[in-house]
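Notes follow the structure.
Protein chains: 2
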Amino acid sequence: MRIIVDAYGGDNAPDAVLLGCRMAADRWKCEIILTGDEQKLRQRAAELSVSLEGISIADAPDVIPVEAEPTSILKQYQQSSMARGLQMLANGEGEAFVSAGSTGALVVGGTLIVKRLKGVKRPAIGTVIPCRGGCFLLLDSGANHDCRPEMLRQFGLMGSVYMKRIIGVPNPRVGLVNIGTEETKGTELQVQAYQLMKEAGYNFIGNVEAREVPLGGCDVAVCDGFTGNILLKTMEGLATLFMGELKAIFMKSLPNKLAAAAVKKDIKGLKNQFDSAEYGGALLLGSRSPVIKAHGSSDAKAFYNAIRQAISCCENNIIGEIESQLVAQTEEN
Amino acid sequence: MRIIVDAYGGDNAPDAVLLGCRMAADRWKCEIILTGDEQKLRQRAAELSVSLEGISIADAPDVIPVEAEPTSILKQYQQSSMARGLQMLANGEGEAFVSAGSTGALVVGGTLIVKRLKGVKRPAIGTVIPCRGGCFLLLDSGANHDCRPEMLRQFGLMGSVYMKRIIGVPNPRVGLVNIGTEETKGTELQVQAYQLMKEAGYNFIGNVEAREVPLGGCDVAVCDGFTGNILLKTMEGLATLFMGELKAIFMKSLPNKLAAAAVKKDIKGLKNQFDSAEYGGALLLGSRSPVIKAHGSSDAKAFYNAIRQAISCCENNIIGEIESQLVAQTEEN
Chain B
759 MRIIVDAYGG DNAPDAVLLG CRMAADRWKC EIILTGDEQK LRQRAAELSV
809 SLEGISIADA PDVIPVEAEP TSILKQYQQS SMARGLQMLA NGEGEAFVSA
859 GSTGALVVGG TLIVKRLKGV KRPAIGTVIP CRGGCFLLLD SGANHDCRPE
909 MLRQFGLMGS VYMKRIIGVP NPRVGLVNIG TEETKGTELQ VQAYQLMKEA
959 GYNFIGNVEA REVPLGGCDV AVCDGFTGNI LLKTMEGLAT LFMGELKAIF
1009 MKSLPNKLAA AAVKKDIKGL KNQFDSAEYG GALLLGSRSP VIKAHGSSDA
1059 KAFYNAIRQA ISCCENNIIG EIESQLVAQT EEN
Chain H
759 MRIIVDAYGG DNAPDAVLLG CRMAADRWKC EIILTGDEQK LRQRAAELSV
809 SLEGISIADA PDVIPVEAEP TSILKQYQQS SMARGLQMLA NGEGEAFVSA
859 GSTGALVVGG TLIVKRLKGV KRPAIGTVIP CRGGCFLLLD SGANHDCRPE
909 MLRQFGLMGS VYMKRIIGVP NPRVGLVNIG TEETKGTELQ VQAYQLMKEA
959 GYNFIGNVEA REVPLGGCDV AVCDGFTGNI LLKTMEGLAT LFMGELKAIF
1009 MKSLPNKLAA AAVKKDIKGL KNQFDSAEYG GALLLGSRSP VIKAHGSSDA
1059 KAFYNAIRQA ISCCENNIIG EIESQLVAQT EEN
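So the protein sequences, as listed, match chains B and H. Just add 758 to the spot in the first sequence (first one is 1) and you have the working numbering. Just add 758 to the spot in the second sequence (first one is 1) and you have the working numbering.
Okay, structure coming up:
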């Protein structure tokens, strides 16, 4: 299996990418293709003493900046490490692509270079997030700010396939993120989406309030990309605040420091539970081949996990399953 | 000062209301007027041994259910404890009103019975929420799902007055909750609101990502009511999850239990920091007299705090200040 990885995406590129790819190549004996400036990458790998055995490099002289217009990946930055990777994926020169670069550019490139599966209205970013008792998939978590009701219906289908195939939840509970549980709650978008999702053929459990989402209220949390971003980032911010306050408590006095020593391992476990690196990346659901968006602040371990996720998507044929379910649904209607 | 309190709003009514009002009447020597079924209230007060000294009762035979259509407060439920309280406030028979009942009904009643200040497009619910280093005001946190850009501009003004007058922040930083910091981020609503808020005359600091909100990124977080509900409820859910996980860690083993004993007081402090009861209620900003929405699950202490907040709104003339700033802004334009 060949996984293409953008060597120049994310805050810690290319060092974290090189280290993460090395770990992944050692662990799974997969073939890794890095995209980026070949000369610089070879030099940096040598400086870090990272062997490139099993890792090849596809030269791409340019890097797309995070603040660039997303559509610039199609023109101005078509020589960038991200664009090159997406083109290779589209050409079948690899089975999946991982990048920690600009989300917007990756969505545009995933949609227009890799292209959508037949019948997919808009791809969505699905992010696996820890919650009480496990994890849930949030989608869309940032690809489409404005959504139509039929897009949300489709997000539910794609998310359901992901949770079943990748996470192993037998009959994923699909919830519509809303401000109340009654059918009539929310804006026009939620009211209409509710009616479509009721008939969508997956396990739709109705509206789920944001309060219930971190408490494990559903396995697939469906919303527009604006709402998804708000939900995801609020969780990130509060988790950071909480761990900071906890640390301050444990550093406050000698008795507290001794107490900290006793529970250190468990608190570390709690921290890891809410650490985005633990869950790998987010998947662009609806593209023709797996495109994984790693967190911008990804370290080596996060890249390693994102590559694991890419392999898992391929092995479990997530794209094929989404495609056949979409076909089944189209035939029904 | 006369504070009107809905005796039959919230999950713990009327017991928590009676107890909270007793505490408030003792502490501040304010006059409290309870609305609700007089006979039942007197009986329950006697059963709880709660003295009604300084507390009068305005009889209202009915109660508006949480699930009722919000507009039913104007017709079907105009004999309810909430409607009666709002009518008394409108008639000047009290200076402020507190209720833990249906948010929707309270917004409709606050808007159409108490009425809006001249120039106010739509009242917003402002909720004071703990964050790193203090607290911030989130508005709208649920009154208006759909908002126009000029409504958000006005929310910023009202929120700024609140944080200055009630919380004592000298020059409140008003942020627009968004999915990125650049001016062009978000949906049409945020893009247009940004331009209006830039010229609004208060301390607008631009877009604030949801991640930064719990970390103290602004003093006033402005958004539509749908987004505000998502942000607020996500924080509630995650805080509940965290405290639960922490409790589980501290109960796990004997060494952990001993550790817990050492930090118990500090952890309690952390819990209180994220406990909605600590911050009293939410204010309906834009109505002609202060209308306070207490949390549906309010206990006696929460009612006590909500009454304190009502008194503070009156003493600091929050309504007059919003009114004069609205007039100043209208004259400018």
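Here a beta-carbon is modelled for each residue, glycine too, at the ideal position from N, C-alpha and C. Treat the numbers as computed from the prediction; the structure is a model and nothing was measured.
{"Query": "Report the three-state DSSP secondary structure of Lys-1015(H) (helix, strand or coil).", "Result": "helix"}
{"Query": "Just the C-alpha distance for Ile-917(H) and Leu-1016(B), rounded to the nearest angstrom, thanks.", "Result": "Checking the sequence, you will find Gly at residue 917(H) rather than Ile. Taking the straight line joining both Cα atoms gives about 43 Å."}
{"Query": "For Gly-852(H) and Arg-760(H), which I take to be in contact (beta-carbon distance under 8 Å), what is that distance rounded to the nearest angstrom?", "Result": "4 Å"}
{"Query": "Along the chain, where does the alpha helix (DSSP H) that runs through Leu-776(B) open and close?", "Result": "773-786"}
{"Query": "Closer than 7 Å, Cβ to any Cβ of chain B: which residues of the region 940-952 of chain H, in chain order?", "Result": "Gly-944 and Thr-945"}
{"Query": "Give the interface partners of Arg-969(B) over in chain H, defined as CB-CB distance under 8 Å, in chain order.", "Result": "Lys-991, Thr-992, Glu-994, Gly-995 and Thr-998"}
{"Query": "When you compare the CB of His-903(B) with every CB in chain H, is at least one pair closer than 8 Å?", "Result": "yes"}
{"Query": "Nearest by alpha-carbon distance to Gln-797(H): which of Gly-850(H), Asp-817(H) and Ser-1011(H) is it?", "Result": "Asp-817(H)"}
{"Query": "How many Å lie between Gln-950(B) and Met-909(B) at the Cα?", "Result": "11 Å"}
{"Query": "Three or more C-beta pairs closer than 8 Å, one from the region 1060-1067 of chain B and one from the region 772-779 of chain B: is that the case here?", "Result": "yes"}
{"Query": "Buried or exposed: which applies to Asn-902(H), given that a residue is buried once 16 or more other Cβ atoms fall within 10 Å of its Cβ?", "Result": "buried"}
{"Query": "Going by CA-CA distance only, name the one from Ala-765(H), Gly-974(H) and Phe-1000(H) that's closest to Arg-890(B).", "Result": "Phe-1000(H)"}
{"Query": "Any chance the region 938-957 of chain B sits against the region 862-873 of chain B, with 3 or more Cβ pairs inside 8 Å?", "Result": "no"}
{"Query": "Determine, using beta carbons only, whether Thr-985(B) comes closer than 8 Å to chain H.", "Result": "yes"}
{"Query": "Gln-837(H): buried (16+ other C-beta within 10 angstroms of its C-beta) or exposed?", "Result": "exposed"}
{"Query": "What is the DSSP secondary structure of Phe-1061(B), counted as helix, strand or coil?", "Result": "helix"}
{"Query": "Give the range of the alpha helix (DSSP H) segment to which Thr-861(B) is assigned.", "Result": "861-870"}
{"Query": "Is there at least one Cβ from chain H nearer than 8 Å to Lys-1010(B)'s Cβ?", "Result": "yes"}
{"Query": "Tell me the DSSP secondary structure of Ala-1035(B) in three-state form.", "Result": "Residue confidence is low: Ala-1035(B) scores 47 on pLDDT, short of 50, so the model does not pin down where it sits. Its coordinate-derived value is still stated next. Of the three classes helix, strand and coil, the one that applies to Ala-1035(B) here is helix, per DSSP."}
{"Query": "Is Asn-929(H) buried or exposed, if buried means 16 or more other CB atoms sit within 10 Å of its CB?", "Result": "exposed"}
{"Query": "I'd like to know whether the C-beta atoms of Gly-983(H) and Gly-900(H) end up nearer to each other than 8 Å.", "Result": "yes"}
{"Query": "Do Gly-938(H) and Glu-967(H) count as a contact pair if the criterion is CB distance below 8 Å?", "Result": "yes"}
{"Query": "Does the Cβ-Cβ distance between Ala-997(B) and Leu-973(H) come in under 8 Å?", "Result": "no"}
{"Query": "Looking at chain B, which residues of the region 1015-1036 of chain H have a Cβ within less than 9 Å of any of its Cβ atoms?", "Result": "Leu-1016, Ala-1017, Ala-1018, Ala-1019, Ala-1020, Val-1021, Asp-1024, Ile-1025, Gly-1027, Leu-1028, Gln-1031 and Phe-1032"}
{"Query": "Using a Cβ cut-off of 9 Å, pull out every chain H residue sitting near Ile-1007(B), in sequence order please.", "Result": "Val-1021, Asp-1024, Ile-1025, Gly-1027 and Leu-1028"}
{"Query": "Do Val-1049(H) and Phe-855(H) count as a contact pair if the criterion is CB distance below 8 Å?", "Result": "yes"}
{"Query": "Give a yes or no on whether the minimum CB-CB distance between Gly-778(B) and chain C is below 8 Å.", "Result": "In the structure shown, chain C does not exist; the protein chains are B and H."}
{"Query": "Can you list, in chain order, the residues of its chain with a C-beta nearer than 6 Å to that of Lys-873(B)? Leave out the 5 residues immediately preceding and following it.", "Result": "Arg-1046"}
{"Query": "Rounded to whole angstroms, what is the Cα-Cα separation between Leu-806(B) and Ser-857(B)?", "Result": "21 Å"}
{"Query": "Which residues share a DSSP beta bridge with Tyr-1051(H)?", "Result": "The sequence given here has Lys at residue 1051(H), not Tyr. BP columns for Lys-1051(H) point to Ser-857(H) and Ala-1040(H)."}
{"Query": "Can you grab the Cα-Cα spacing for the pair Ile-1080(B) / Gly-794(B), in whole Å?", "Result": "31 Å"}
{"Query": "Taking the CB atoms as reference points, tell me whether Leu-1041(H) and Cys-1071(H) lie closer together than 8 Å.", "Result": "yes"}
{"Query": "Where Ile-963(B) and Lys-876(H) are concerned, what is the direct C-alpha to C-alpha distance, given to the nearest angstrom?", "Result": "44 Å"}
{"Query": "Going by DSSP, what residue range makes up the beta strand (DSSP E) through Ile-791(H)?", "Result": "789-794"}
{"Query": "Can you say whether Glu-994(H) is buried or exposed, counting buried as having 16 or more other CB atoms within 10 angstroms of its CB?", "Result": "buried"}
{"Query": "Gly-933(B): buried (16+ other C-beta within 10 angstroms of its C-beta) or exposed?", "Result": "buried"}
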